[in-house]
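Participant: Read top to bottom, the protein sequences are chains Y and U.
So the first sequence is numbered by numbering that gives the first Met the number 0: it starts at 0 and just counts up by one.
So the second sequence is numbered by numbering that gives the first Met the number 0: it starts at 0 and just counts up by one.
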Amino acid sequence: MLRYILFRLLSMIPVLLGVSVLVFASIWIIPGDIVDVMMGDEVSQSKHAMERLRTQLNLDQPIWMRYLIWIGNALRGDLGVSMISGEPVLDQILDKAPLNLQLVLIALFFIVLIGIPLGALAAYRQFTWVDSVIRVGAIFGYVVPNFWLATLVVLVVSLYFPRATILDYVPFTQDPIGNIKGLIIPGLVLAMTTLTYIIRLTRSTMLDTLSQEYVRTARAKGLGERVVLTTHALRNSLIPVVTVLGIQVGVLIGGLVLTEEVFMLPGLGRMILLSIETRDFMVLAGGVMFLAVVFVVVNLLIDILYAFLDPRITY
Amino acid sequence: MQSSVGANGASSVAGASEALGSESLSPLQLAWRSFRRRKLGLFGAGIVILLFVVAVGGANVTPYDPNEMAGDRSLAPPSLAHPMGTDRFGRDQLSRLMVGTQISMIVSFSAVLLSLAIGLPLGLLAGYYGGWIDSVLMRIEDVVFAFPTLLLALMMVATLGASLFNLVIAIAIIFQASAARIVRASVMSVKEKEFVEAARASGARDVTIITRFILPNVMSPLIVWATFHLSLAIFIEAGLSFIGMGTQPPTPSWGLMLNESRTFMEFAPWLTIFPGLTIVVAVLGFNLIGDALRDALDPRLSER
Numbered sequence: 000m001l002r003y004i005l006f007r008l009l010s011m012i013p014v015l016l017g018v019s020v021l022v023f024a025s026i027w028i029i030p031g032d033i034v035d036v037m038m039g040d041e042v043s044q045s046k047h048a049m050e051r052l053r054t055q056l057n058l059d060q061p062i063w064m065r066y067l068i069w070i071g072n073a074l075r076g077d078l079g080v081s082m083i084s085g086e087p088v089l090d091q092i093l094d095k096a097p098l099n100l101q102l103v104l105i106a107l108f109f110i111v112l113i114g115i116p117l118g119a120l121a122a123y124r125q126f127t128w129v130d131s132v133i134r135v136g137a138i139f140g141y142v143v144p145n146f147w148l149a150t151l152v153v154l155v156v157s158l159y160f161p162r163a164t165i166l167d168y169v170p171f172t173q174d175p176i177g178n179i180k181g182l183i184i185p186g187l188v189l190a191m192t193t194l195t196y197i198i199r200l201t202r203s204t205m206l207d208t209l210s211q212e213y214v215r216t217a218r219a220k221g222l223g224e225r226v227v228l229t230t231h232a233l234r235n236s237l238i239p240v241v242t243v244l245g246i247q248v249g250v251l252i253g254g255l256v257l258t259e260e261v262f263m264l265p266g267l268g269r270m271i272l273l274s275i276e277t278r279d280f281m282v283l284a285g286g287v288m289f290l291a292v293v294f295v296v297v298n299l300l301i302d303i304l305y306a307f308l309d310p311r312i313t314y
Numbered sequence: 000m001q002s003s004v005g006a007n008g009a010s011s012v013a014g015a016s017e018a019l020g021s022e023s024l025s026p027l028q029l030a031w032r033s034f035r036r037r038k039l040g041l042f043g044a045g046i047v048i049l050l051f052v053v054a055v056g057g058a059n060v061t062p063y064d065p066n067e068m069a070g071d072r073s074l075a076p077p078s079l080a081h082p083m084g085t086d087r088f089g090r091d092q093l094s095r096l097m098v099g100t101q102i103s104m105i106v107s108f109s110a111v112l113l114s115l116a117i118g119l120p121l122g123l124l125a126g127y128y129g130g131w132i133d134s135v136l137m138r139i140e141d142v143v144f145a146f147p148t149l150l151l152a153l154m155m156v157a158t159l160g161a162s163l164f165n166l167v168i169a170i171a172i173i174f175q176a177s178a179a180r181i182v183r184a185s186v187m188s189v190k191e192k193e194f195v196e197a198a199r200a201s202g203a204r205d206v207t208i209i210t211r212f213i214l215p216n217v218m219s220p221l222i223v224w225a226t227f228h229l230s231l232a233i234f235i236e237a238g239l240s241f242i243g244m245g246t247q248p249p250t251p252s253w254g255l256m257l258n259e260s261r262t263f264m265e266f267a268p269w270l271t272i273f274p275g276l277t278i279v280v281a282v283l284g285f286n287l288i289g290d291a292l293r294d295a296l297d298p299r300l301s302e303r
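Structure follows, in structure tokens:
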């Protein structure tokens, strides 16, 4: 097991290296002179400011050298400074990341607590109206774009509940309970695509395990239905679900950008959008890099968890 | 005498092959038979055919000129004359949504086709030859998988410049990775089969083996993949246009229309509701086809 964990850790290195090259290349592939692009169309920009930016970006160096400087600094926790505010990029990220963590955790909470039981229930009640309702609901939930769902929620609240405070964002340090209250609906909207996908997946894997011989054996030897369902059937159905959850974290992270924008939440997604608008490419690169690293690490953890969960896998 | 025997022989061979043909069906016919029985799949196909007709018809089939402005009917609620209302410039929303179908179809089909053009050969190479070619190609694809899809698309479009063309490029670059993975996996599962061994033993060249024996076996999973990714591309186009990073005005695109509606949504909720519903219907259509195709082409993967 330890060897497997070590192997997975080492195999992360080339992937992360590739991620950094891709982020770096995307920024430097920008057509035209990057200084002109970043400074915008204003002619009033002084020559002096442009020169300063040039040295700051190490434009006097060849491109591979600029990459080495950038990645070297990044490894030491220096992702550069914002061109707009002058604030270190990492500080901005660490300032906003807790909100994203909250949102993703709330979403995962709904996914696990609603998705898995509903999927299992649908499988257990196959060929009944319960199964049909859950299946149709899951198909619709899956095809509704979450940015549209978010917009509709905002619309309904502002039209019919103008005094409701449920969508108001307050910082955690100011009012922890109000903060979490304000994130419940955004978290649920963020969860929707994955939630409905997990319902479908749990249902189909549960149908598989319910027809397995060990489930029949468990019933034959007189175990209670509840024990058969939870410890024999559901537990074994969850293995593929856990694997998929890792990939789905990527869907959640991608969904953050749009959800935050609609609910006006000051997280990393809005920071990235703002950095695009203001052409603040150091912030863009840092933000994307950070989220990609988080995603890679989450998948690593899921892989290791998977090895623990499935006794059939030995390394 | 001899010639009559020859003629008889030939006719009996033809008769036999005809009889065989009526009994055994090609894989495509089998798949169609299986697909035809799935009502939801047919419903999805109906939606997609309708989308195609509307997209091909373009501005010729819309009730109004989608770009015609009329100040006196700006932000008009749905009525008989304008079933989906009008936007702030008085443009008919139904007509604009119909023309927007073109954008969605162009983006999704060209992105998926382009990603297949890259991913299919890469997957074939990696799966067939294995070894270092496989390792190098798959490590490169791992980098694409390390990014959340929407985030990578957003970053690429942001730096390349927000335009329809760059959006297609970005989606294609992301999709080719999963296309290559799917192809690689199915190549690896068939390349050790007896019929491939037999072809190799009889001296067939690699190109022949790949195109004649392996490629047909890759098609089923790839068709299912393509259907789901068409709907995913519609999603991405709408999402990025929604934040102003996709299709640019005045081109009517569903996501862009949603974006423009946000300013007025409290006075004109129809501008928020209908474009979203259109996206839902389109994505639903492709997903239902995908579900039915997966069940029809590969019963092992069926969800029941």
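For each residue, glycine too, the CB sits at the ideal point set by N, CA and C.
Just reading off the alpha helix (DSSP H) that P185 of chain Y is part of, what are its end residues?
Facilitator: Position 186 of the first sequence, counting from 1, holds the residue named residue 185 of chain Y. P185 of chain Y -> alpha helix (DSSP H) spans 175-209.
Participant: Does F146 of chain Y have its Cβ less than 7 Å from a Cβ in chain U?
Facilitator: Your numbering for residue 146 of chain Y matches position 147 in the first sequence. Chain U, which has a Cβ nearer than 7 Å to the Cβ of F146 of chain Y, makes this yes.
Participant: For A80 of chain U, count the other beta carbons within 10 Å of its own beta carbon; 16 or more makes it buried, fewer makes it exposed. Which is it?
Facilitator: As a working note, residue 80 of chain U is residue 81 in the second sequence. The residue is exposed, with fewer than 16 neighbouring Cβ atoms inside 10 Å.
Participant: Under 7 Å between C-beta atoms, does G275 of chain U make it to chain Y?
Facilitator: Reading the second sequence from its first residue, position 276 is the one you call residue 275 of chain U. It does: the Cβ of G275 of chain U has a partner Cβ on chain Y nearer than 7 Å.
Participant: To the nearest angstrom, how far is it from the Cα of M97 of chain U to the Cα of L5 of chain Y?
Facilitator: Here residue 97 of chain U refers to the residue found at position 98 when the second sequence is read from its first residue. Here residue 5 of chain Y refers to the residue found at position 6 when the first sequence is read from its first residue. About 54 Å.
Participant: To which residues of the same chain is Y141 of chain Y closer than 7 Å at the C-beta, ignoring the five residues directly before and after it?
Facilitator: The sequence position of residue 141 of chain Y within the first sequence is 142, counting from 1. Once the five neighbours on either side are set aside, the close Cβ partners of Y141 of chain Y are T192, T195, Y196.
Participant: Counting pairs of beta carbons, one from the region 138-153 of chain Y and one from the region 255-267 of chain U, are three or more of them closer than 8 Å?
Facilitator: Because the criterion of three Cβ pairs below 8 Å is met, the region 138-153 of chain Y and the region 255-267 of chain U touch.
Participant: Might you give, ordered along the chain, the residues of its own chain that have their beta carbon closer than 6 Å to the beta carbon of T174 of chain U, omitting 5 neighbours on each side?
Facilitator: Along the second sequence, read from residue 1 onward, the residue named residue 174 of chain U stands at position 175. Correcting the residue identity first, residue 174 of chain U is Phe in this sequence and not Thr. Same-chain partners within the cutoff: S114, H228.
Participant: Are the C-beta atoms of N286 of chain U and some chain Y residue less than 7 Å apart?
Facilitator: Taking the second sequence and counting its residues from 1, the one referred to as residue 286 of chain U is at position 287. At least one chain Y Cβ lies under 7 Å of N286 of chain U.
Participant: What is the DSSP secondary structure of D290 of chain U, reduced to helix, strand or coil?
Facilitator: Along the second sequence, one-based indexing puts residue 290 of chain U at 291. D290 of chain U falls in the helix class under three-state DSSP.
Participant: So for D91 of chain U, helix, strand or coil by DSSP?
Facilitator: To locate residue 91 of chain U, count along the second sequence from 1; it is residue 92. Reduced to three states, the DSSP call for D91 of chain U is strand.
Participant: Taking any Cβ of chain Y, which residues in the region 141-153 of chain U have a Cβ under 7 Å from it, in chain order?
Facilitator: Going along the region 141-153 of chain U in chain order, one finds D141, V142, A145, F146, P147, T148, L149, L150, L153 with a Cβ nearer than 7 Å to chain Y.
Participant: Could you give the first and the last residue of the continuous alpha helix (DSSP H) run that contains M288 of chain Y?
Facilitator: Locating residue 288 of chain Y in the first sequence gives position 289, counting from the first residue. Counting along the chain, the alpha helix (DSSP H) containing M288 of chain Y begins and ends at 280-308.
Participant: For L148 of chain Y versus V111 of chain Y, is the C-beta distance shorter than 7 Å?
Facilitator: Taking the first sequence and counting its residues from 1, the one referred to as residue 148 of chain Y is at position 149. Taking the first sequence and counting its residues from 1, the one referred to as residue 111 of chain Y is at position 112. Not in contact: L148 of chain Y and V111 of chain Y (Cβ atoms no closer than 7 Å).
Participant: Ordered along the chain, which non-local residues of its own chain (more than five positions away) have a Cβ less than 6 Å from that of L93 of chain U?
Facilitator: Counting from one through the second sequence, the residue named residue 93 of chain U turns up at place 94. So the list reads P82, M83, once near-sequence residues are dropped.
Participant: If we count the other Cβ atoms within 10 Å of its Cβ and call it buried at 16 or more, is S107 of chain U buried or exposed?
Facilitator: Translated into positions along the second sequence, residue 107 of chain U becomes position 108. Buried.
Participant: Please check the pair L166 of chain U and V156 of chain U, which I expect to be a contact at CB under 8 Å, by giving their CB distance rounded to whole angstroms.
Facilitator: Taking the second sequence and counting its residues from 1, one reaches residue 166 of chain U at position 167. Taking the second sequence and counting its residues from 1, one reaches residue 156 of chain U at position 157. About 6 Å separates the two Cβ atoms, so the contact holds.
Participant: Taking Cβ-Cβ distances shorter than 7 Å, what residues in chain U pair up with A190 of chain Y?
Facilitator: The residue given as residue 190 of chain Y occupies position 191 in the first sequence. Those within 7 Å of A190 of chain Y in chain U number zero; the least Cβ separation is about 15 Å.
Participant: Does any C-beta atom of chain U lie closer than 7 Å to the C-beta of I301 of chain Y?
Facilitator: Here residue 301 of chain Y corresponds to residue number 302 of the first sequence, with the count starting at 1. So, not an interface residue.
Participant: Near I105 of chain U, which residues of its chain fall below 6 Å by C-beta distance, leaving aside the five closest residues on each side in sequence?
Facilitator: As a position in the second sequence, residue 105 of chain U is number 106, starting the count at 1. None.
Participant: For T271 of chain U, return the contacting residues in chain Y, with the cut-off set at a CB-CB distance below 9 Å.
Facilitator: Translated into positions along the second sequence, residue 271 of chain U becomes position 272. Going along chain Y in sequence order, the residues near T271 of chain U (Cβ under 9 Å) are W147, T150, L151, L154.
Participant: Taking the straight line between their C-alpha atoms, what separation do you get for W69 of chain Y and L78 of chain Y?
Facilitator: Indexing the first sequence from 1 puts residue 69 of chain Y at position 70. Indexing the first sequence from 1 puts residue 78 of chain Y at position 79. So the alpha carbons of these two residues sit roughly 7 Å apart.
Participant: Only counting the same chain, and skipping five residues up and downstream in sequence, which positions put a Cβ closer than 6 Å to that of T277 of chain U?
Facilitator: Residue mapping note: residue 277 of chain U aligns to position 278 of the second sequence, counting from 1. Answer for T277 of chain U: L96, W253, listed in chain order.
Participant: Please list the partners that E260 of chain Y has in chain U, where partner means a Cβ-to-Cβ separation under 9 Å.
Facilitator: Position 261 of the first sequence, counting from 1, holds the residue named residue 260 of chain Y. What E260 of chain Y touches in chain U: F241, I242.
Participant: Just the chain Y side, please: which residues come within less than 8 Å of E265 of chain U by C-beta, in chain order?
Facilitator: Translated into the one-based positions of the second sequence, residue 265 of chain U becomes position 266. L154, S157, L158, listed in chain order.
Participant: Measure the alpha-carbon distance for G285 of chain Y versus N286 of chain U and round it to whole angstroms.
Facilitator: Mapped onto the first sequence, residue 285 of chain Y falls at position 286. Mapped onto the second sequence, residue 286 of chain U falls at position 287. Their Cα atoms are separated by approximately 35 Å.
Participant: When the Cβ atoms of the region 171-190 of chain Y are set against those of the region 119-130 of chain Y, are three or more pairs found closer than 8 Å?
Facilitator: No, because fewer than three Cβ pairs between the region 171-190 of chain Y and the region 119-130 of chain Y fall closer than 8 Å, the two stretches do not touch.
Participant: What's the gap between the Cα of S21 of chain U and the Cα of L154 of chain Y?
Facilitator: Here the question's residue 21 of chain U lines up with position 22 in the second sequence. Here the question's residue 154 of chain Y lines up with position 155 in the first sequence. Unreliable positioning characterises S21 of chain U in this predicted model, as indicated by a pLDDT of 48, which lies under 50. A coordinate reading is not provided.
Participant: Kindly indicate the opening and closing residues of the alpha helix (DSSP H) around Q60 of chain Y.
Facilitator: Walking along the first sequence from the start, residue 60 of chain Y turns up at place 61. That residue, Q60 of chain Y, is in no alpha helix (DSSP H); it is neither H nor E in DSSP.
Participant: Excluding the 5 residues preceding and the 5 following L257 of chain Y in the sequence, name in chain order all residues of the same chain whose CB lies nearer than 6 Å to its CB.
Facilitator: Indexing the first sequence from 1 puts residue 257 of chain Y at position 258. The residues are F146.
Participant: At least one CB of chain U closer than 7 Å to the CB of P13 of chain Y: is that the case?
Facilitator: Walking along the first sequence from the start, residue 13 of chain Y turns up at place 14. Yes, because at least one Cβ of chain U sits closer than 7 Å to the Cβ of P13 of chain Y.
Participant: Give me, in chain order, the residues of the same chain whose beta-carbon lies closer than 8 Å to that of A169 of chain U; leave out the 5 immediate sequence neighbours on both sides.
Facilitator: Your numbering for residue 169 of chain U matches position 170 in the second sequence. Cβ neighbours of A169 of chain U beyond the five flanking positions: L151, A152, M155, V156, L159.
Participant: Would you say the region 201-209 of chain Y touches the region 224-236 of chain Y, given that touching needs at least three Cβ pairs under 8 Å?
Facilitator: They touch, by the three-pair rule.
Participant: Do you know how far the Cα of R278 of chain Y is from the Cα of M218 of chain U?
Facilitator: For the purposes of this step, residue 218 of chain U is taken as the residue at position 219 of the second sequence. For the purposes of this step, residue 278 of chain Y is taken as the residue at position 279 of the first sequence. The alpha-carbon atoms of M218 of chain U and R278 of chain Y are separated by roughly 43 Å.
Participant: Return yes when the Cβ of M205 of chain Y is within less than 7 Å of the Cβ of A119 of chain Y, no when it is not.
Facilitator: Residue numbering aside, residue 119 of chain Y sits at position 120 when the first sequence is read from its first letter. Residue numbering aside, residue 205 of chain Y sits at position 206 when the first sequence is read from its first letter. Contact: yes.
Participant: Quick one: Cα of K180 of chain Y to Cα of A163 of chain Y, how far?
Facilitator: For the purposes of this step, residue 180 of chain Y is taken as residue 181 along the first sequence, with counting starting at 1. For the purposes of this step, residue 163 of chain Y is taken as residue 164 along the first sequence, with counting starting at 1. Cα-Cα distance, rounded: 12 Å.
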